[in-house]
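A.B. asks:
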Amino acid sequence: MSDPDARIRSLVRPQVREMQAYHVAEAGGLIKLDAMENPYPWPPALREKWLRALGAVRPNRYPDPEAGSLKALIREVFGIPDGVGLMLGNGSDELIQLLGLALGGADRSVLTPAPGFAMYRIIAGFTGMDYREVPLRRDDFGLDAEAMLEAVRRDRPTIIYLAYPNNPTGNAFDRAAVEAVIREAPGVVVLDEAYHAFCGESFVDDIGRWPNLLVMRTVSKMGLAGLRLGYLAGHPDWLAQLEKCRLPYNVNALTQESARFALEHIEVFEEQTACIRRDREALQSALAAMPAIRVWDSRANFLAFRVPPGKAPAVHRGLLEAGVLIKQLHGSHPLLEDCLRVTVGTPQENERFLENLGRIVDAVHASWRRTR
Ligand SMILES: Cc1ncc(COP(=O)(O)O)c(C=O)c1O
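Under this note's numbering, the sequence shown has 1375 at position 264, and the numbering climbs by one with no breaks.
(1) Residues with a Cβ closer than 5 angstroms to any heavy atom of ligand 1, in chain order?
(2) Sort 1202, 1230, 1373 by Cα distance to residue 1159 and report the nearest one.
(3) For the beta strand (DSSP E) holding residue 1486, just list the boundary residues, first then last.
(4) Can you check which of these residues, 1230, 1405, 1334, is closest to residue 1309 by C-alpha distance?
(5) Take residue 1336 as the anchor and find which of 1146, 1133, 1137, 1185 has the nearest alpha-carbon.
(6) According to the neighbour-count rule (16 or more other Cβ atoms, all chains shown, within 10 Å of its Cβ), is residue 1396 buried or exposed?
(7) What did DSSP end up calling residue 1131 once you bin it into helix, strand or coil?
(8) Of the choices 1196, 1454, 1331, whose alpha-carbon is the least far from that of residue 1435?
(9) Could you name the residues that DSSP lists as bridge partners for residue 1344?
(10) Name the DSSP beta bridge partners of residue 1332, please?
(11) I need the straight-line Cα distance from residue 1450 to residue 1193, nearest angstrom please.
(12) Go through its chain and collect everything with a Cβ distance to residue 1360's Cβ below 7 angstroms, but skip five positions before and after it.
(13) How many angstroms separate the CA atom of residue 1307 from the CA atom of residue 1390?
(14) Span of the alpha helix (DSSP H) holding residue 1360?
(15) Can you give me the Cβ contacts of residue 1161 inside the same chain, cut-off strictly under 6 angstroms, excluding the 5 residues immediately before and after it?
(16) DSSP on residue 1422, reduced to helix/strand/coil?
(17) Do residue 1338 and residue 1366 have their C-beta atoms within less than 8 angstroms of each other?
(18) For residue 1272, does the three-state DSSP call read helix, strand or coil?
(19) Please report the distance separating the alpha-carbon of residue 1123 from that of residue 1116.
(20) Taking the Cβ atom as the reference point for each residue, do residue 1452 and residue 1415 lie within a distance shorter than 8 angstroms?
In structure tokens, the structure reads:
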């Protein structure tokens, strides 16, 4: 094969050449607690009914380009107020990309608190936007309202992303601080409510209060990660602009039908998310009871925790060897030194995680105390 190097250097934009492709950890055969998925399969009878419903999908035809009936159901099930515009994406990742495509370019910037969700930075990079971060407060990962407002006034960002609750820290920012940022922002503020099913609070009913507020959500975390479906709600004039950058059939026919079916059985997912919220509390208490560990409160379906200094890689590796995959946060941001993140799994999975973590941390904690 001839060497394409010279052409790559001259043709691929420098921002893209400098990027790394998004890496997803190999999870075959492991207890998968790294990606905030809902661990529960569908009840067998529901699955049978779903497969029958999928039989009506005609794969030879393009899907409904507007996904009209699915949108109507999303409005009803998730309480999107009348008069608010709605747009669907192939996951909320695609909606972030659409925002970048419509609003990106030179002299445009994205501002977000950090540590935060990696896709804001990655997509800002390949849509040609400057990416700026304001550190969260060190101790509780709260929004540093003063620093955020200062950055908003100084940088006049085109897009501000606020994940509510935040990933990877799990906390929901102070509401008054969020409102102050929305008021001050000269551009759009995207409230990313990916974890709304576990939070109990939302900005959806506030959309009408501000012309620059967009609320983004996904069905991934409530139990439909494989479908790839996110939605963006906001002023219809904003969404009319973003629609111009949306590919006509971005939500495929199998996803439209499956999501429609799932939302007609929303009680199944509500029950599962209620279990996850309950188990989150149990998991947090168990982590808090381990002397070497600090765990933070969470309003999402995961918990961030800190292990003794320098031990996060050993803990992560030890868990992997025991068949449990969680997320290594150490090394991704200075505020996340010695931190890891675990998704709430089934009670059995949580138990496996806790048993192994306890064993590994006891060993590393003992050696840590000996070396002090
Ligand atoms: C804050 C936040 N926003 C958006 C997403 C992406 O969700 P989706 O699966 O809809 O692309 C995630 C996924 O982890 C997330 O944590």
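Glycine included, each C-beta is placed from N, C-alpha and C at the ideal position. Because the structure is a prediction, the values reported are computed rather than measured.
C.D. replies: Taking the definition as stated:
(1) 1202, 1203, 1204, 1228, 1274, 1278, 1303, 1305, 1329, 1331, 1341
(2) 1373
(3) Within the shown structure, residues of the chain are numbered from 1112 to 1483, placing residue 1486 beyond reach of any answer.
(4) 1334
(5) 1146
(6) exposed
(7) coil
(8) 1454
(9) 1197, 1326
(10) Answer is none; residue 1332 lacks a bridge partner.
(11) 42 angstroms
(12) 1173, 1174, 1176
(13) 17 angstroms
(14) Premise fails: residue 1360 is in no alpha helix (DSSP H) and is neither H nor E.
(15) 1372
(16) coil
(17) yes
(18) strand
(19) 10 angstroms
(20) yes
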